[in-house]
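Scroll down for the structure; my scribbles are underneath it.
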Amino acid sequence: MSLIPDAKTQDYLLLTPGPLSTTRSVRAAMLYDSCTWDDDYNLGVVEPVRAELVRLAAPNGGGDNYTVALLQGSGSYVVESVLGSALAGRDKLLIVNNGAYGSRMVEIARVLGLHYVEMDCGETSAPNLAAMARLLESDAGISHVAMVHCETTTGMLNPLEEVAALCRRHGRELIVDAMSSFGGVPMDVPALGASFVISSANKCIQGVPGFGFVIARRDAMARCQGRARSLALDLYAQWHAMETQHGKWRFTSPTHTVLAFAQALRELDAEGGVAARYQRYRQNQRKLVNGMRELGFDTLLPDAQHSPVITAFHSPSHPDYQFKRFYQLLKDKRFVIYPGKVSRADCFRIGNIGDVSPADVDRLLTAIAASRYWLRD
Ligand SMILES: *Cc1c(COP(=O)(O)O)cnc(C)c1O
């Protein structure tokens, strides 16, 4: 049995929301073995990574009040760690839900037995801010609000600044799932006043999968002590080990992934930081949407609600259209697109984050134009 992938499984352009296409130099950074408790790794790699994440989160200052914990696993592990560690026994969480990742937070809250209320907005609507304000006014028991920033289900960018302002005004703690936006969409975490901002290695920072991270206000992190509903996902314990032992991970660190991430952070800086990356993603997304419209495809969401990260398109209504066949034709040309995830509309999705340029989007559009088999047959 050969476990080495053949050429056919390599060199796709991943037009997905992560894992995504990374640079060769990010992948090459993994060609070293590090010791999980050695200073070269902890002081030389982990601590600079944590400091850089605070710097990215606080572009206009205020970073001194924030700290970072890195945690093994995919993004959902980190979301579960934060929800399970931030709320005291009698605290209550308001979950804003307008997509699969909002629903995942609801599921986490249910499994962990948290007190929570769900604000179900439907999958294609932005949260109603007036309704949220009324909810916060009428239910003094709500201590925390959790919301996804970019809802990767549809590509919708939720109104983070407005929701953060509501939380500040009503004195509630804000937890943001910024998984598919942090590093690719400008964000000033101290100005938002958010308590916890969550993301992972394999999204807009353009690293490889294996861990996620939390940017936390120091006072909010301190309050997590002793609250966790899990040993391995105890956010405070994870942070405390890193903070007091200078970058030490509590359990085995995904060392190679962290090396790749450190390189990805250098490349983000070399690109010109978050602002420049945001411009590239926006250019990619606009080119994609304009080109797709010319080819007869419609977006699920209006442009005003859109993030520059991923776009959901309605499936062609032609009776011969099948996602699987369309997907395979594009895959044969080395492009991997993403199935839809909206329950009430037939869609497919195309992401444009990762090592993807406007020239790649042009190549993709040419491939899509040639793959509309339902127009030919
Ligand atoms: C990717 C993503 C997650 C985490 O998903 P995993 O499969 O656990 O990595 C959570 N929220 C959002 C908005 C995401 O895009």
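Per our numbering, the sequence shown starts with residue -9, numbered consecutively. Even glycine gets a Cβ: it sits at the ideal position worked out from N, Cα and C.
query: Heavy atom of ligand 1 less than 7 Å from the Cβ of P244, yes or no?
result: no
query: Alpha carbon to alpha carbon, how far is V16 from G197?
result: 7 Å
message: Quick check on S333: buried or exposed, where buried means 16 or more other Cβ atoms within 10 Å of its Cβ?
response: exposed
query: Hey, would you say N148 sits closer than 8 Å to E113, going by beta carbons?
result: no
- prompt: Just how far apart, CA to CA, sit D310 and T144?
  reply: 24 Å
message: I'd like to confirm something about Y363: is its beta-carbon nearer than 7 Å to some heavy atom of ligand 1, or not?
response: no
- prompt: Closer than 7 Å: is that where the CB of P117 sits relative to any heavy atom of ligand 1?
  reply: no
- prompt: Would you say C25 touches ligand 1, meaning its beta carbon is less than 7 Å from a heavy atom?
  reply: no
task: Let me know if F203 comes out buried or exposed under the rule of 16 or more other beta-carbons within 10 Å of its beta-carbon.
output: buried
query: Is it true that the CB of V248 sits closer than 8 Å to the CB of V39?
result: yes
query: Would the beta-carbon of C194 be found less than 7 Å away from any heavy atom of ligand 1?
result: no
- request: Output the distance between the C-alpha atoms of V390 and P298, rounded to the nearest integer angstrom.
  value: It is not possible to answer for residue 390, since the shown part of the chain is limited to -9 through 367.
field: Distance cut-off 7 Å: D259 Cβ against heavy atoms of ligand 1
entry: no
- request: Go to N87, then tell me how far its beta strand (DSSP E) extends in each direction, as first and last residue.
  value: K82 to N87
DSSP three-state assignment for Y22, whether helix, strand or coil: coil
query: Do the stretch 281 to 294 and the stretch 92 to 106 touch if we need at least three Cβ pairs shorter than 8 Å?
result: no
task: Find out if the Cβ-Cβ distance for the pair P49, I343 is shorter than 8 Å.
output: no
message: Given the structure, does V138 come close to ligand 1, in the sense that its CB is under 7 Å from one of the ligand's heavy atoms?
response: yes
task: Measure the CB-CB distance between M146 and Q273 and report whether it falls below 8 Å.
output: no
- request: Under 7 Å Cβ to Cβ from A154, same chain only, skipping five residues before and after it: list those, please.
  value: L164, L182, G183 and A184
- prompt: Which residue comes first and which comes last in the alpha helix (DSSP H) that contains A47?
  reply: E37 to A47
message: Is P149 a contact residue of ligand 1, with contact defined as CB to any heavy atom under 7 Å?
response: no
- request: With a threshold of 7 Å, establish whether the CB of S170 neighbours any heavy atom of ligand 1.
  value: yes
field: N- and C-terminal bounds of the alpha helix (DSSP H) containing E152
entry: L150 to H160
- prompt: Where do the ends of the alpha helix (DSSP H) carrying V346 lie?
  reply: Element bounds for V346: n/a, residue is neither H nor E.
- request: Report yes if the C-beta distance between A78 and R217 is below 8 Å; otherwise report no.
  value: yes
- request: Could you check the C-alpha separation between R256 and D178 for me, to the nearest Å?
  value: 20 Å
query: Cβ of Q235 within 8 Å of Cβ of Y226?
result: no
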